[in-house]
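One line per chain: the protein sequences are A and B, in this order. The first sequence finishes on residue 122 if you use the working numbering, and the numbering steps up by one all the way, no holes. The second sequence finishes on residue 306 if you use the working numbering, and the numbering steps up by one all the way, no holes. Built from N, CA and C at the ideal position, the CB exists for glycine as well. Comments concern the structure below.
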Amino acid sequence: EIQLQESGPGLVKPSQSLSLTCSVTGYTITSGYDWSWIRKFPGNKMEWMGYISYSGSTNYNPSLKSRISITRDTSKNQFFLQLNSVTTEDTATYYCARSAAAIGWFAYWGQGTLVTVSS
Amino acid sequence: DIVLTQSPALAVSLGQRATISCKTNQNVDYYGNSYMHWYQQKPGQQPKLLIYLASNLASGIPARFSGRGSGTDFTLTIDPVEADDTATYYCQQSRNLPWTFGGGTKLELK
Chain A
4 EIQLQESGPG
14 LVKPSQSLSL
24 TCSVTGYTIT
34 SGYDWSWIRK
44 FPGNKMEWMG
54 YISYSGSTNY
64 NPSLKSRISI
74 TRDTSKNQFF
84 LQLNSVTTED
94 TATYYCARSA
104 AAIGWFAYWG
114 QGTLVTVSS
Chain B
197 DIVLTQSPAL
207 AVSLGQRATI
217 SCKTNQNVDY
227 YGNSYMHWYQ
237 QKPGQQPKLL
247 IYLASNLASG
257 IPARFSGRGS
267 GTDFTLTIDP
277 VEADDTATYY
287 CQQSRNLPWT
297 FGGGTKLELK
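Written as C-alpha cells, this is what we have:
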C-alpha cells in the first residue's frame, strides 16, 4: 500500500528557508498522479501549496508563487518543498499528499510535520 | 480563488443525522461532475478522504457517510452518527486552481 512520510526541521528562523522531504513507498512517483504539499495553520485553515506531477511539471498556489519550489529525486522516490523567506505566519503542520492528475482530490496523505517559525 | 464556506461547528446526538454544508462562491461543476470532495480529520491525524466528486464514497468508508449537491451547494451527511465520528470535516474544491478548502466544521456530540 502506498505510504507518504514527511521529514525535515521542526523549527526554522524567520527570513530563512523551510525545506521538507516527502518519502513515498508503495508507488513510484513517476508512474502517475500529482504530488502535493498542503498545510494546516493553527486555527484549522488549510491551504494547498502546489504540486509536482508524475512528469515533473509543477503548479503553485499564486499566493506563494514567488517563495515556493517543489522538486523531486526520482532515484529516491522523494519530492521536496522549499519555502523561502519564511515568517511566523508560515507556522503550520505540513502534509504531503497524492491526488489524481488534474482531478484533484487527495486520497493519500502523510502524517504531517509541524514546522514552527520562530527566532 | 474559489471560496468555500462552512459553519464552524455542529452538535448532534448519538444515533441522529448530521448534515454539514459547504457553499462555494463559484460553480464547481464541469462536464457532468461536481469537483467537490470531503475529508474527516481527527486531532493529531492526517485528513481522511470520505467523499470525492460530491457523492462518491471513498474506499473503506462506511455507508453512513454520504454526499450530495451540485453547483455551489453541497452537503455531507452522517446517518446515524457514532461516537467515533467526532472530528473536523472539510470540503475541498478542485474545479479551479488553486485548489481550496473550506474552513472546517467541528462535529460534536450533544
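**Asked** What does B:T301 pair with, by DSSP beta-bridge criteria?
**Response** Here residue 301 of chain B corresponds to residue number 105 of the second sequence, with the count starting at 1. Beta-bridge annotation (DSSP): B:T301 is paired with B:Y285.
**Item:** Own chain partners of B:Q288 with C-beta closer than 8 Å, once the 5 adjacent residues on each side are dropped
**Value:** As a first step, residue 288 of chain B is located in the second sequence; it is residue number 92 there, counting from the start. Once the five neighbours on either side are set aside, the close Cβ partners of B:Q288 are L200, M232, H233, W234, Y235, W295, T296, F297 and G298.
**Asked** In its own chain, which residues sit with a C-beta less than 8 Å from the C-beta of B:G300, not counting the 5 before and 5 after it?
**Response** In the second sequence, counting from the first residue as 1, residue 300 of chain B sits at position 104. For B:G300, where only same-chain residues beyond five positions count, the Cβ hits under 8 Å are Q202, P204, Q237, T284, Y285 and Y286.
**Request:** Check whether the Cβ atoms of A:A100 and A:Y111 lie closer than 8 Å to each other.
**Result:** As a first step, residue 100 of chain A must be located in the first sequence, where it is residue number 97. As a first step, residue 111 of chain A must be located in the first sequence, where it is residue number 108. Yes, Cβ-Cβ distance for A:A100 and A:Y111 is below 8 Å.
**Message:** Mapping the DSSP letters down to three states, classify A:T28 as helix, strand or coil.
**Reply:** Reading the first sequence from its first residue, position 25 is the one you call residue 28 of chain A. The answer is strand: DSSP assigns A:T28 an E or B state.
**Asked** So A:V120 is in the beta strand (DSSP E); what residue range does that whole segment cover?
**Response** What you label residue 120 of chain A is simply residue 117 of the first sequence in a count that begins at 1. A:V120 -> beta strand (DSSP E) spans T116 to V120.
**Message:** Going by DSSP in three states, B:D225 sits in which element: helix, strand or coil?
**Reply:** For this step, residue 225 of chain B is matched to residue 29 along the second sequence. Of the three classes helix, strand and coil, the one that applies to B:D225 here is strand, per DSSP.
**Request:** Whole angstroms is fine: what's the gap from B:I257's alpha carbon to A:S18's?
**Result:** The count along the second sequence starts at 1 and reaches residue 257 of chain B at position 61. The count along the first sequence starts at 1 and reaches residue 18 of chain A at position 15. Taking the CA atoms as reference points, B:I257 sits about 42 Å from A:S18.
**Prompt:** If you draw a straight line from the C-alpha of A:Y57 to the C-alpha of A:W51, how long is it?
**Reply:** Translated into the one-based positions of the first sequence, residue 57 of chain A becomes position 54. Translated into the one-based positions of the first sequence, residue 51 of chain A becomes position 48. About 18 Å.
**Asked** Of the residues that make up the region 88–119 of chain A, which ones have a beta carbon closer than 7 Å to any beta carbon in chain B?
**Response** Within the region 88–119 of chain A, the qualifying residues are Y98, I106, G107, W108, F109, A110, W112, G113, Q114 and G115.
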